[in-house]
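Read through the structure below, which is laid out as structure tokens, and then see the notes.
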Amino acid sequence: GAGAERKEIISAKSASRVWAARSNALSKGLHTHPFHDPAIDLHQLPRHGGRPGAWPAATKPPSEQEKEETLKPVPQLRNVSARSRQRSLREGGRSRGSGNWIQQKRTPTLSAQIPAWHCPEPVRTRVARPLQGAARREFLLRNRKLRVKARRICIRYFQTCSNAHVLKPKYVCFFGYPSFKYSHPHQMLKTTAALQGQVVQFKLSDIGEGIREVTVKEWYVKEGDTVSQFDSICEVQSDKASVTITSRYDGVIKKLYYNLDEIAYVGKPLVDIETEALKDSEEDVVETPAVSHDEHTHQEIKGHKTLATPAVRRLAMENNIKLSEVVGSGKDGRILKEDILNYLEKQTGAILPPSPKAEIMPPPPKPKDKTIPIPVSKPPVFTGKDRTEPVKGFHKAMVKTMSAALKIPHFGYCDEVDVTELVKLREELKPIALARGIKLSFMPFFLKASHNIGIAMDTEQGLIVPNVKNIQICSVFEIAAELNRLQQLGSAGQLSTTDLTGGTFTLSNIGSIGGTYAKPVILPPEVAIGALGTIRALPRFNQKGEVYKAQIMNVSWSADHRIIDGATMSRFSNLWKSYLENPAMMLLDMK
Amino acid sequence: MKIPFPKKNCFQLLFNLKVPAAGFKSTVKDGFILQSISNDVYQNLAVEDWIHDHMNLEGKPVLFLWRNSPSVVIGRHQNPWQECNLNLMREEGIKLARRRSGGGTVYHDMGNINLTFFSTKKKYDRMENLKLVVRALNAVQPQLDVQATKRFDLLLDGQFKISGTASKIGRITAYHHCTLLCSTNRTVLSSLLTSPYQGIRSNATASIPSLVKNLLEKDPTLTCEVMMNAIASEYATYHHIDKHIHLINPTDETLFPGINNKAKELQTWEWIYGKTPKFSINTSFNVVYEQSYLEIKVFIDIKNGRIEICKIEAPDHWLPQEICDKLNSSFIGSKFCPIETTLLKTCLKDDELHSKWNILCEKIKGIM
Numbered sequence: 131g132a133g134a135e136r137k138e139i140i141s142a143k144s145a146s147r148v149w150a151a152r153s154n155a156l157s158k159g160l161h162t163h164p165f166h167d168p169a170i171d172l173h174q175l176p177r178h179g180g181r182p183g184a185w186p187a188a189t190k191p192p193s194e195q196e197k198e199e200t201l202k203p204v205p206q207l208r209n210v211s212a213r214s215r216q217r218s219l220r221e222g223g224r225s226r227g228s229g230n231w232i233q234q235k236r237t238p239t240l241s242a243q244i245p246a247w248h249c250p251e252p253v254r255t256r257v258a259r260p261l262q263g264a265a266r267r268e269f270l271l272r273n274r275k276l277r278v279k280a281r282r283i284c285i286r287y288f289q290t291c292s293n294a295h296v297l298k299p300k301y302v303c304f305f306g307y308p309s310f311k312y313s314h315p316h317q318m319l320k321t322t323a324a325l326q327g328q329v330v331q332f333k334l335s336d337i338g339e340g341i342r343e344v345t346v347k348e349w350y351v352k353e354g355d356t357v358s359q360f361d362s363i364c365e366v367q368s369d370k371a372s373v374t375i376t377s378r379y380d381g382v383i384k385k386l387y388y389n390l391d392e393i394a395y396v397g398k399p400l401v402d403i404e405t406e407a408l409k410d411s412e413e414d415v416v417e418t419p420a421v422s423h424d425e426h427t428h429q430e431i432k433g434h435k436t437l438a439t440p441a442v443r444r445l446a447m448e449n450n451i452k453l454s455e456v457v458g459s460g461k462d463g464r465i466l467k468e469d470i471l472n473y474l475e476k477q478t479g480a481i482l483p484p485s486p487k488a489e490i491m492p493p494p495p496k497p498k499d500k501t502i503p504i505p506v507s508k509p510p511v512f513t514g515k516d517r518t519e520p521v522k523g524f525h526k527a528m529v530k531t532m533s534a535a536l537k538i539p540h541f542g543y544c545d546e547v548d549v550t551e552l553v554k555l556r557e558e559l560k561p562i563a564l565a566r567g568i569k570l571s572f573m574p575f576f577l578k579a580s581h582n583i584g585i586a587m588d589t590e591q592g593l594i595v596p597n598v599k600n601i602q603i604c605s606v607f608e609i610a611a612e613l614n615r616l617q618q619l620g621s622a623g624q625l626s627t628t629d630l631t632g633g634t635f636t637l638s639n640i641g642s643i644g645g646t647y648a649k650p651v652i653l654p655p656e657v658a659i660g661a662l663g664t665i666r667a668l669p670r671f672n673q674k675g676e677v678y679k680a681q682i683m684n685v686s687w688s689a690d691h692r693i694i695d696g697a698t699m700s701r702f703s704n705l706w707k708s709y710l711e712n713p714a715m716m717l718l719d720m721k
Numbered sequence: 179m180k181i182p183f184p185k186k187n188c189f190q191l192l193f194n195l196k197v198p199a200a201g202f203k204s205t206v207k208d209g210f211i212l213q214s215i216s217n218d219v220y221q222n223l224a225v226e227d228w229i230h231d232h233m234n235l236e237g238k239p240v241l242f243l244w245r246n247s248p249s250v251v252i253g254r255h256q257n258p259w260q261e262c263n264l265n266l267m268r269e270e271g272i273k274l275a276r277r278r279s280g281g282g283t284v285y286h287d288m289g290n291i292n293l294t295f296f297s298t299k300k301k302y303d304r305m306e307n308l309k310l311v312v313r314a315l316n317a318v319q320p321q322l323d324v325q326a327t328k329r330f331d332l333l334l335d336g337q338f339k340i341s342g343t344a345s346k347i348g349r350i351t352a353y354h355h356c357t358l359l360c361s362t363n364r365t366v367l368s369s370l371l372t373s374p375y376q377g378i379r380s381n382a383t384a385s386i387p388s389l390v391k392n393l394l395e396k397d398p399t400l401t402c403e404v405m406m407n408a409i410a411s412e413y414a415t416y417h418h419i420d421k422h423i424h425l426i427n428p429t430d431e432t433l434f435p436g437i438n439n440k441a442k443e444l445q446t447w448e449w450i451y452g453k454t455p456k457f458s459i460n461t462s463f464n465v466v467y468e469q470s471y472l473e474i475k476v477f478i479d480i481k482n483g484r485i486e487i488c489k490i491e492a493p494d495h496w497l498p499q500e501i502c503d504k505l506n507s508s509f510i511g512s513k514f515c516p517i518e519t520t521l522l523k524t525c526l527k528d529d530e531l532h533s534k535w536n537i538l539c540e541k542i543k544g545i546m
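Respectively, the protein sequence lines represent chains Z and V.
Those letters in the first sequence? Residues 131 to 721, by this note's numbering.
Those letters in the second sequence? Residues 179 to 546, by this note's numbering.
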């Protein structure tokens, strides 16, 4: 914050000069502008540039004109004070020197790289090489005259690229030279890039107020236009707020992602810009919600920043590669595109198209079968592209419960039930129930044999488990009616919370779809679950030793071993089984 | 308390609060309240733009109070033909301005005050500003039932809109401005903001009409001056700044270098009409000519305020097809503006055709 700025930028000389000039101006009776101080030189930071209908250049205040003849005639006033001006220079004006900079030690190597600035007033010094020994002393001496005692000086020196074998800058130039923002000294010297122009996706940055989407109302650029940093790119509108989006990079617009009146999303790419200058690990300032691209953009592992251009980072991110694992073959360990591609090849044997988002795919849809979902990704759809669907609503809830469920120590217990009698009974009762308007399945019988339990239901939204309450006081018919009601509500998606909560344990009639044995997963906070397989006709021996056609149904129970032990489960299963095998017995014990 | 102009130097230095040995009032925080002495809508809008572009508002919130002579102000992406009655405005001499912020169309006159809250992008908070206004209103009249809605309007008694909001967000700075109806002429307002033009199809932001009421009708003590003072003092209290309202002249180039150019740009046809998003007109009108009644269909596409496609269909027996085509092609490329249409030259020798041409032109001017 403010503290950091003070430490970094304030130099005695500039402050004293400003003060002197200002008091000078005052004493002469000149108007000092309330929003602008003539003593502070204007820097050439055009707010808009290169677009049709750009703002006209502000007229210069008269006292300035003689000073600034050498400058380009577009002095846009930006700031009030020296300090804030330094800050804005640091923020944006990398290579936008203002007119008062002079190079003192221009060596042949430097002059080729650093643009020459000149100004009639030799007031500032930009030292572009570490001064040692006598030169340093001389420099300090010269400065001392202009130093105000009370102020601190932060003089940093800048290492030229000829000596630059360090990653971090030891020294940077003072007077707000924005070099310390970047960790690489190559930054401010526009060396002819070792790499070619990189196409960078410029994402729509956070607008504030929690706004997530805006409408694109006007484009100020088109594909092929050259833009500078801070040029306006487009105008978007959101809820009575009109927002001007400015470019973060210099370069050429390669692609516009939206047409007029389309909705643009914060955090998604807005334009592609082909940048020329080498950019090092510049942090992505986009504050996007949710999706974690952070580890790919920042890549600071224990303080060591991996060097890679934004395009390379994007490639790595798309392929889910951690930059820290890739060996960089570029200069200073820089990771190049080839490195990523080689890494990929090694990994997979081929370059595969990536799965863009790290979001969980819902388990394959077999809702009644509560087997532990093995996260098998769907086989590739060759007819079209893979589709990623966000996990929402019911699916999301299922993910949560299932993950919680696996924390319960399960045990399984399977048995077969001879439901021949039950089948007969149902056949007899079915038409009667139908006459009363109810579809009678086996479930009411199964349920009555239990207590107050949930029925797993397969609906459009996925698996939900409503429960039938107080089975002990309901008749089989009433249970059937209740089941029907729940089924109807379930298919309409209108089950209420009371329907969905309070189950003691669940019965899942997966057999109606298919399957015999299962290993169901308990739905917390219940303690047990049973999966009922299909009723099949199988030969069995009866009491007399004769083979008869039996209707066999397998039931698989899973129970929470922390609460239920094997014996309890076994006894329950046997009792349940006996009720089902002798429905007449149910009549006896039914309440 | 307003600082009169003779103390201009002091006032100017007040802005430049970083002067070390200035010896002027050291306020607890930076920030100030400005009031415009001009009633020209373009100049006042230019002040907003100037402050937005040139001032560093870090830790320095600014409130700007202004009032305009009768004018209609449309939002950045709106269509004036859709929003207001341009013919009536031309007759009455009411100015039309397009502001840089979004939102809908409003009518300004001296009974309406405009408030602009300038801040950095990070401190941009419309609801806070509106709550401030409500507090100010309640400070004057505690029984007043004013509430801010989710759409950032202020409603009186739950049904009458007394304030509308718009805002502009730039790279580092943002501003939020709103109106406040104290004693506006409501009949003029409703007549001006009703568009008579039919058949306009456009993607421009549409205004949402609302019932309005003046604060003065509710309580005769709530005049513009009272309101401005109340809001200024509430702002000063909230931001812990000096409660002085500084009067400014928006044409003063020394205070605001470059502002006159900004004001000029806001008055150009290219800005006011040319920035209209692409739209089309699909309508018809009737012409009575020598006791015959003709229907003329018009299909015009307008982009950047200029006619791109023009199809005026008149019955063949009345106006020959090639004359019609000539008329159509002459319109293409010209501004969708009655003044320019008048200048359209024809070289028709036949008097009758000429008069028919003139009738058509007049009718078309009526829809511009």
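Just so you know, even glycine gets a beta-carbon here, dropped at the ideal spot from N, CA and C.
The structure presented is a predicted model; accordingly, all values stated were derived computationally and were not measured.
Report the neighbours of residue i on chain V: residues whose CB is nearer than 8 Å to its CB, in chain order.
| i | result |
| --- | --- |
| F360 of chain Z | R349 |
| Q367 of chain Z | R254, H255, G280, T383 |
Check the DSSP bridge columns for residue i and list the partner residues they point to.
| i | result |
| --- | --- |
| C604 of chain Z | In the DSSP output, where bridge partners are listed per residue, C604 of chain Z has none listed. |
| P399 of chain Z | Z:K333 |
| R379 of chain V | V:S458 |
| F242 of chain V | V:L212, V:T294 |
| R484 of chain V | V:K481, V:K513 |
| W349 of chain Z | Z:C364 |
Leaving out five residues on either side along the sequence, give the residues of the same chain with a beta carbon under 8 Å from the beta carbon of residue i.
| i | result |
| --- | --- |
| Q337 of chain V | L389 |
| R666 of chain Z | T646, Q681, I682, M683 |
| Y388 of chain Z | V346, A394, L400 |
| H128 of chain V | As displayed, chain V neither begins before 179 nor continues past 546, which places residue 128 of chain V out of reach and without an answer. |
Please return the same chain residues whose Cβ sits closer than 6 Å to the Cβ of residue i, not counting the five positions on each side in sequence.
| i | result |
| --- | --- |
| K560 of chain Z | L570 |
Residues of chain V with a CB under 7 Å from the CB of residue i: which are they?
| i | result |
| --- | --- |
| I337 of chain Z | I347 |
| K370 of chain Z | G280, G281, F330, T343, A344, S345 |
| K530 of chain Z | By Cβ distance, chain V contributes nothing, its closest Cβ being about 32 Å from K530 of chain Z, past 7 Å. |
So, with DSSP's three-state summary, where would you put residue i?
| i | result |
| --- | --- |
| T401 of chain V | coil |
| T432 of chain V | coil |
| S507 of chain V | helix |
| T628 of chain Z | helix |
| S485 of chain Z | Low local confidence applies: a pLDDT of 40 at S485 of chain Z is under 50, so the model's placement there is unreliable, with the coordinate-based value given in what follows. Three-state result, S485 of chain Z: coil. |
| G696 of chain Z | helix |
| I170 of chain Z | With a pLDDT of only 45 at I170 of chain Z, under the threshold of 50, the placement of this residue in the model should not be trusted, and no figure is reported. |
| G381 of chain Z | strand |
| F635 of chain Z | strand |
| C356 of chain V | strand |
Spatial neighbours of residue i within its chain, please: CB distance less than 7 Å, with the 5 preceding and 5 following residues excluded, ordered by chain position.
| i | result |
| --- | --- |
| Y379 of chain Z | V330, F332, Q359, I403, T405 |
| A317 of chain V | A408, E412 |
| F509 of chain V | I485, C488 |
| F549 of chain V | Residue 549 of chain V is absent from the structure shown; chain V starts at 179 and stops at 546. |
Along chain Z, in chain order, which residues have C-beta atoms closer than 8 Å to that of residue i?
| i | result |
| --- | --- |
| Y302 of chain V | G338, E339 |
Against residue i, what residues of chain Z qualify as contacts under a CB-to-CB distance less than 7 Å, listed in chain order?
| i | result |
| --- | --- |
| K207 of chain V | Those within 7 Å of K207 of chain V in chain Z number zero; the least Cβ separation is about 13 Å. |
Residue i versus chain Z: which residues are under 9 Å apart at the beta carbon?
| i | result |
| --- | --- |
| K299 of chain V | I337, G338 |
Using a Cβ-Cβ cut-off of less than 7 Å, give me the residues of the segment 462 to 483 of chain V that come near chain Z, in sequence order.
-> none
Against chain Z: residues of the segment 326 to 355 of chain V by CB proximity under 9 Å = R329, F330, G342, T343, A344, S345, K346, I347, G348, R349, I350, A352, H354
Quick one, which residues of the segment 373 to 393 of chain Z are near chain V if we go by CB-CB under 9 Å, in chain order?
-> V373, T374, I375, T376, L390, D391
Name the residues in the segment 511 to 545 of chain V whose C-beta lies less than 8 Å from a C-beta of chain Z; which are they?
-> none
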